[in-house]
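Take a look at the structure below.
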Amino acid sequence: MTYKVTEEGNISTVFLNGEIDMDVTDKAKEVILPLVESGKEVHLNLKDVSYMDSSGISVLIESHQKALEKNTKVIVKEVSKSVLKVIMMAKLEQILNLE
1 MTYKVTEEGN ISTVFLNGEI DMDVTDKAKE VILPLVESGK EVHLNLKDVS YMDSSGISVL
61 IESHQKALEK NTKVIVKEVS KSVLKVIMMA KLEQILNLE
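Counting from 1, position 39 in the sequence shown corresponds to residue 39 in the UniProt record's numbering; the numbering is continuous, with no gaps.
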């Protein structure tokens with residue numbers, strides 16, 4: 001997994017790339033959670049994520065829950081087809097903010 005973070009006003013966008021599995025979830029949390037903790041709106045761009053397992057899904061859920069606590073949002077954007085399948089199988093499209 002590689003990533004790039006851009007800032008625009010009160011919005012941080014994290015562009016994730018590659019596979020998000022149990023080997024990289026700690027790194028993903030290290031990138032995403034501090035942005036959410038700061039109270040910013042966080043956009044996660046998953047266009048270039050080729051694979052995500054259940055540990056990657058847990059990062060999305062944890063980020064979403066932390067955003068609710070901080071009265072902000074995590075928006076999941078441009079989800080790749082393979083990741084969208086996993087999100088739909090887990091019925092998380094009803095919980096996560098997908099665009």
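Note that the Cβ used here is the ideal one computed from N, Cα and C, for glycine as well.
For Leu44, which residues does DSSP report across the bridge? Val14 and Val76
Is residue 105 helix, strand or coil by DSSP? Past the boundaries of the shown model lies residue 105; the chain is included only from 1 to 99, so the question cannot be answered.
CB-CB under 7 Å to Val24, same chain, minus the five flanking residues each way: which ones, in chain order? Met1
Among the residues of its own chain, which have a CB less than 7 Å from the CB of Asp53, if the five just before and after it don't count? Asp21 and Met22
When DSSP labels each residue in this structure, what does Ser55 get in the three-state scheme? helix
Glu19 and Tyr51 - do their beta-carbons sit closer together than 8 Å? Yes, the Cβ-Cβ distance between Tyr51 and Glu19 is below 8 Å.
Through-space distance from Lys81 to Ser63, alpha-carbon basis: 21 Å
Is Ile57 closer than 8 Å to Leu44 when the C-beta atoms are compared? no
Using 8 Å as the threshold, is the C-beta distance between Glu99 and Ile75 below it? yes
Could you round the C-beta distance between Asn17 and Asp48 to whole angstroms and report it? I think they count as a contact, below 8 Å. 4 Å
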